[in-house]
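Everything on this sheet refers to the single structure shown next.
In the numbering used here, the protein residues as written are 174 to 432.
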């Protein structure tokens, strides 16, 4: 890659960054491309190393990455990012259409549940839940409260899999339609409950649980089995247990590792 191409890419990055989604690392770029993201620019500090990763981990994308990755000096990459991912790869992509996501979330009948995170407090946990939802084939992830589920820290934790499911922030009164099953220690044992495919499965924060407003809206309260004197599970662990109980990936979606 010529020096002029690197200079042009750095200039383009500065123009795109304010309105784009940061894909931080090789795996985030890999997943975003696989699930149809509009990737506007992809850069790396060593193209040969990045393509070696592609050959080993994502050979289906080696050709497209060879065409799209622009090698820039390592010091320039450090200037662009809060911290450089160990893979030395970063990209900028357009955020998916909110209207398209909302249509997907509200479509009836749904073939898989929507995960609702009620006022989550940790962006890393939000990203981990998105990754789980994508892997299990959930319809999407909706957050309430004041956190943006598309914050760069959440996208980083989600390894780019925000593009594999519908991820949106909504106020509680605007949740998608469907029966609402809220995880709560006072609920019925989850092993006695079957989630319908069009369910909303809601989780509160680890410290405060679900809000009174969500509890009031719930069709049913459901509890995960837990040893006495253990206060709570990690949020992502709770979501994984509930989605596993639901049943997992629809048959027409590829059962592919999320590594």
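Beta carbons: idealized from backbone N, C-alpha and C, even for Gly.
Residue closest to residue i, alpha-carbon to alpha-carbon, out of the options
| i | options | result |
| --- | --- | --- |
| residue 345 | 336, 391, 177, 323 | 391 |
| residue 337 | 274, 254, 263 | 274 |
| residue 284 | 312, 389, 265, 267 | 312 |
| residue 289 | 185, 208, 387, 418 | 387 |
| residue 327 | 353, 295, 308, 343 | 295 |
| residue 281 | 370, 195, 396 | 370 |
| residue 214 | 242, 220, 224, 330 | 242 |
| residue 434 | 236, 361, 276 | Residue 434 is absent from the model: the chain starts at 174 and stops at 432. |
| residue 315 | 233, 364, 235, 374 | 374 |
| residue 254 | 190, 200, 297 | 190 |
| residue 348 | 366, 367, 317, 331 | 317 |
| residue 196 | 187, 188, 210 | 210 |
| residue 233 | 202, 350, 265 | 202 |
| residue 278 | 365, 351, 406, 408 | 351 |
Cβ neighbour criterion (16 or more within 10 Å) applied to residue i
| i | result |
| --- | --- |
| residue 244 | buried |
| residue 427 | Because residue 427 carries a pLDDT of 49, less than 50, the predicted location of this residue cannot be relied on, and the following value inherits that uncertainty. Exposed, since its Cβ has fewer than 16 Cβ neighbours within 10 Å. |
| residue 181 | exposed |
| residue 415 | buried |
| residue 333 | buried |
| residue 291 | buried |
| residue 432 | With a pLDDT of 47 at residue 432, under the threshold of 50, the modelled position of that residue is not reliable, and no figure is offered here. |
| residue 412 | buried |
| residue 429 | Model confidence at residue 429 stands at a pLDDT of 49, short of 50, so the residue's coordinates are unreliable; what they give is reported in the following sentence. Residue 429 is exposed by the Cβ-count criterion. |
| residue 377 | buried |
Endpoints, alpha helix (DSSP H) assigned at residue i
| i | result |
| --- | --- |
| residue 146 | The structure shown has nothing for residue 146, since the chain only spans 174 to 432. |
| residue 258 | From DSSP, residue 258 is part of no alpha helix (DSSP H); its letter is neither H nor E. |
| residue 234 | Unbroken run through residue 234: none, as it is neither H nor E. |
| residue 247 | 247-253 |
| residue 278 | 271-279 |
For residue i, the residue or residues it bridges with in DSSP
| i | result |
| --- | --- |
| residue 355 | 375, 394 |
| residue 342 | 316 |
| residue 412 | BP columns for residue 412 are empty, so no partner. |
| residue 361 | 395 |
| residue 382 | 378 |
Start-to-end residues for the beta strand (DSSP E) that takes in residue i
| i | result |
| --- | --- |
| residue 244 | 242-244 |
| residue 303 | Run containing residue 303: none in the beta strand (DSSP E); it sits in the alpha helix (DSSP H), 296-309. |
| residue 287 | 287-290 |
| residue 194 | 194-197 |
| residue 213 | 212-217 |
Distance cut-off 7 Å: residue i Cβ against heavy atoms of the ligand MN
| i | result |
| --- | --- |
| residue 244 | The ligand MN is not among the ligands present in this structure, which contains no ligands whatsoever. |
Would you check if there are 3 or more beta carbon pairs closer than 8 Å linking the segment 375-385 to the segment 337-357?
yes
If you pair each beta-carbon of the segment 317-328 with each one of the segment 283-302, do three or more pairs fall below 8 Å?
yes
Check whether the segment 252-261 and the segment 216-233 touch, using three or more Cβ-Cβ pairs below 8 Å as the test.
yes
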